[in-house]
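A.B. asks: In our numbering, the protein residues as written are 378 to 766.
Backbone N, C-alpha and C define an ideal beta-carbon position, used for all residues, glycine too.
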Ligand code: BEZ
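(1) Can residue 695 be considered in contact with the ligand SAH, in the sense that its beta carbon sits closer than 7 Å to one or more heavy atoms?
(2) On the DSSP bridge list, what partners appear for residue 690?
(3) Just reading off the beta strand (DSSP E) that residue 748 is part of, what are its end residues?
(4) Considering residue 532, what are the terminal residues of the alpha helix (DSSP H) in which it resides?
(5) Looking at the structure shown, is residue 433 part of a helix, part of a strand, or coil, going by DSSP?
(6) Say yes only if the C-beta of residue 505 is nearer than 7 Å to one or more non-hydrogen atoms of the ligand BEZ, and no if none qualify.
(7) Report yes or no: do three or more beta-carbon pairs, one from the region 689-708 and one from the region 601-615, lie closer than 8 Å?
(8) Take residue 405 as the anchor and find which of 418, 474, 425 and 458 has the nearest alpha-carbon.
(9) Rounded C-beta distance between residue 732 and residue 698? I'm assuming under 8 Å.
(10) Note the first and the last residue of the continuous alpha helix (DSSP H) segment covering residue 499.
(11) Using three-state DSSP, classify residue 627 as helix, strand or coil.
(12) Taking the C-alpha atoms as reference points, what is the distance between residue 676 and residue 508?
(13) Residue 480: buried (16+ other C-beta within 10 angstroms of its C-beta) or exposed?
(14) Cα separation between residue 672 and residue 566?
(15) Kindly indicate which three-state DSSP category residue 642 falls into: helix, strand or coil?
(16) Along the alpha helix (DSSP H) that carries residue 661, what are the first and last residues, could you check?
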């Protein structure tokens, strides 16, 4: 009798605790840490990512998986030496449920290490560092953007097919530039060309003059450049000011001309780039997204805004599957892994390593648009070298 009474009491207590827990998570907000560059050469990219993320959340009534979202923001300054401290501000001080970041590959690799060590859910909305979905891949790390290899490889193929045999590359000396050039070299080689000279300068240096003189002297068939944000604006303008665009085609991954065309003006006209987004896509979701983004922010979206929007969609899919109970990690991850993301770029799925498998488009600059020219490589997956998952 006593035994039965104790069992009943225990069941009542457990039930009450369950109800309390359910109530608590129904009411409390999901804490989203945004670790992005809000200053420096990548500042505009960080803002576009945040805008895209917030737009998707607003479209869901301010909630994902039925729970309101609370934001915690850190400016990472695209500085890898501050990345661990900045990540710890979100993870340890603010106790966020998930971190969304960042743009710069060097910063992202440090974030991935902290995410692995602390088992923090991380969604990378830009940085293409191969390691993030390669050697450092993990169940709790996702990317809504690309790997540096993907657009580089596609541009190499296109450049080779257009007859470029000898190409000079130029980039900032850090993971993103190195890996973008590596992808380009691979694609170019598959189409019969080769990289004959690799020029670099430290990030975020924009003193291009001496390197442009070297390019002029080398007289290659084409130049492949990885720069983004403010640095991309300056490089494309300097290249044209040196008169090089008249004789040597300038190719790049689409970051060279995305979100930058107003500032690049005449210098960028006619340039060909490859990316997983373009202006003029025949994608119904893109038309709706562009209209909503323009209404909300009074400016047209770019690839960074799309990646932010899709980071929120990926998280939203996971949270919907667990009805907002973010503690149900395996179920949340399984739902994120199997979701087909209805992206403005065109629907995509994730690879086993959690990187988008996506079409890479060839785009041509016309006015202030990176106009869709065709699909450079269909459903391109990153090789995910070193990922054991
Ligand atoms: C990167 O560091 O991975 C990166 C930065 C800007 C644009 C694209 C890639």
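C.D. replies: So, from the data block:
(1) The ligand SAH is not part of this structure, which contains only the ligand BEZ.
(2) Residue mapping note: residue 690 aligns to position 313 of the chain shown, counting from 1. Beta-bridge pairing links residue 690 to no other residue.
(3) Looking up residue 748 in the chain shown gives position 371. Where residue 748 is concerned, the enclosing beta strand (DSSP E) stretches over 746-757.
(4) Counted from its first residue, the chain shown places residue 532 at position 155. Taken as a continuous stretch (DSSP letters only), the alpha helix (DSSP H) holding residue 532 covers 526-538.
(5) One-based indexing of the chain shown puts residue 433 at position 56. Three-state DSSP puts residue 433 in a helix.
(6) Here residue 505 refers to the residue found at position 128 when the chain shown is read from its first residue. True, at least one ligand heavy atom lies under 7 Å from that Cβ.
(7) no
(8) Taking the chain shown and counting its residues from 1, the one referred to as residue 405 is at position 28. Cα-wise, what sits closest to residue 405 is 474.
(9) Here residue 732 refers to the residue found at position 355 when the chain shown is read from its first residue. Here residue 698 refers to the residue found at position 321 when the chain shown is read from its first residue. Going by Cβ atoms, the distance from residue 732 to residue 698 rounds to 20 Å, so no, they are not a contact pair.
(10) Counted from its first residue, the chain shown places residue 499 at position 122. Per DSSP, residue 499 belongs to no alpha helix (DSSP H); it is in the beta strand (DSSP E), 498-501.
(11) On the chain shown, position 250 is the one that residue 627 refers to. If DSSP states are grouped into helix, strand and coil, residue 627 belongs with the strands.
(12) What you label residue 676 is simply residue 299 of the chain shown in a count that begins at 1. What you label residue 508 is simply residue 131 of the chain shown in a count that begins at 1. In a straight line, the C-alpha of residue 676 is about 33 Å away from that of residue 508.
(13) Within the chain shown, residue 480 is the residue found at index 103, counting from 1. Buried: at least 16 other Cβ atoms inside 10 Å.
(14) Here residue 672 refers to the residue found at position 295 of the chain shown. Here residue 566 refers to the residue found at position 189 of the chain shown. Looking at the two C-alpha atoms, the distance is approximately 44 Å.
(15) On the chain shown, residue 642 is found 265 positions in, with the first residue counted as 1. Helix.
(16) Counted from its first residue, the chain shown places residue 661 at position 284. Here the alpha helix (DSSP H) through residue 661 covers 661-674.
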